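K.L.:
Attaching a single structure in structure tokens format; questions to follow.
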Amino acid sequence: AAGDFAKSEPAGSVLRGFYLTGMSLVNAGSSFAPQTGAGKVFSLGFGFFILIAIASFTANTASILVAENKAPVVPDLADAMARGYHVCTPSGLRRSIVAVHPRMQELGVFSDRGIDNYFAGRCSLVLLPEFLVRQQQSEGKLCDLKRVGDPITSFPTGVFASERLRSALDTAITAKRADGTWYLLAASLQLPARCPTGVEQESMELEVQHMTGNCIILGFTFGVAVLLRALHRLESSRPFQSAEQSALHWVAEAAEVMH
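Position 221 (the sequence shown) corresponds to 221 in UniProt numbering; numbering is contiguous.
Printed below as a string of structure tokens:
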């Protein structure tokens with residue numbers, strides 16, 4: 001029977017097959033027009049394979065480029081001021097933070113609603129209490145914020161105690177700090193964040209196992225094509241019979257069954 005490569009030698013057919021496969025991958029589509037049913041079935045599966053492969057590669061490359069082109073995060077407040085970034089800062093910290101960082105006098109955006117100024121675009125960074133950020137992120141808010149640098153300032157807190165109990169309290173507090181009790185207590189009071197993790201936010205690289213389903217479809221269509229080709233060759237190897245001969249053959253068989 002006349003096939004897709006009927007006029008080619010076996011070696012030429014193999015080389016032409018590799019050439020058309022390469023051209024199909026480069027052109028992101030099937031580069032040959034099969035004539036047989038088996039060839040058409042495999043061409044359909046191969047075209048679907050190329051479609052998924054090219055689409056996955058394009059999407060993965062785009063996500064990597066977007067992730068790499070994100071604005072670099074400043075390491076700390078000093079670097080932010082060196083770059084001339086404006087920093088939203090609580091009004092209550094103005095005197096103390098300007099005393100430590102004089103450039104904050106011109107770069108600081110002082111307000112009691114620093115987070116609103118930040119989202120309004122009036123500053124590039126914002127100074128917020130750590131407990132406030134944790135509380136908001138436990139509710140799924142402020143997930144776009146990322147902590148950079150070390151704490152700017154801290155405020156000691158405590159309770160009044162009588163002079164008679166001071167020594168005993170100091171000993172107990174020191175002992176509990178040493179055995180990790182205070183750390184466990186503080187951790188138990190912190191609500192877990194409901195924001196996506198860094199792994200979920202980063203781009204995922206395309207790996208071989210991601211193409212398993214696509215390869216299964218390609219293999220299935222290849223198997224169907226081989227089966228159709230085998231059936232076609234089997235039909236072609238039978239002796240030629242005219243329609244009248246076929247009809248007489250079936251009538252004869254029917255007569256034998258009747259007897």
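Heads up, the beta-carbon is just placed ideally off N, CA and C, and yes, glycines get one too.
Remember, it's a predicted structure, so these values are computed and weren't measured experimentally.
Do threonine 89 and glycine 121 have their CB atoms nearer than 8 Å?
P.N.:
Contact: no.
K.L.:
Do you know offhand how far alanine 99's Cα is from alanine 62's?
P.N.:
Using only the alpha carbons, I get a separation of about 46 Å.
K.L.:
Would you tell me roughly how many angstroms separate the C-alpha atoms of glutamate 139 and leucine 189, rounded to the nearest one?
P.N.:
In a straight line, the C-alpha of glutamate 139 is about 15 Å away from that of leucine 189.
K.L.:
Would proline 75 and glycine 149 qualify as a contact pair, given that the criterion is a beta-carbon distance under 8 Å?
P.N.:
Yes, the pair counts as a contact, with Cβ atoms nearer than the cut-off.
K.L.:
Using C-beta distances below 6 Å, list every residue in its chain close to leucine 128, excluding the 5 sequence neighbours before and after it, in chain order.
P.N.:
Within the same chain, leucine 128 has no close Cβ partners at all.
K.L.:
Less than 8 Å between the CB atoms is what I'm expecting for isoleucine 152 and isoleucine 97, so what's the real figure, rounded?
P.N.:
Indeed, because the Cβ distance is near 7 Å, the residues count as touching under 8 Å.
K.L.:
Consult DSSP for threonine 89 and reduce its assignment to one of helix, strand or coil.
P.N.:
Strand.
K.L.:
Just mark leucine 165 as buried or exposed, buried being the case when its beta carbon has 16 or more other beta carbons within 10 Å.
P.N.:
Classification for leucine 165: exposed.
K.L.:
For phenylalanine 155, which three-state DSSP category applies?
P.N.:
Here phenylalanine 155 sits in coil by DSSP.
K.L.:
Thinking just about the alpha-carbon of each residue, which of Leu191, Leu184, Phe119 is nearest to the one in leucine 132?
P.N.:
Considering only alpha carbons, the answer is Leu191.
K.L.:
Count the other CB atoms, across all protein chains shown, that sit within 10 Å of the CB of tyrosine 118; report buried if there are 16 or more and exposed otherwise.
P.N.:
It counts as buried.
K.L.:
So what's valine 126 in DSSP terms, helix, strand or just coil?
P.N.:
In this structure, valine 126 counts as strand in the three-state DSSP scheme.
K.L.:
Would a C-beta distance cut-off of 8 Å place phenylalanine 57 and serine 43 closer than the cut-off?
P.N.:
No, they are not a contact pair.
K.L.:
Quick check on valine 41: buried or exposed, where buried means 16 or more other Cβ atoms within 10 Å of its Cβ?
P.N.:
Buried, by the Cβ-count rule.
K.L.:
According to DSSP, which residues form a beta bridge with residue 260?
P.N.:
Not covered by the structure: residue 260. The range shown for the chain is 1 to 259.
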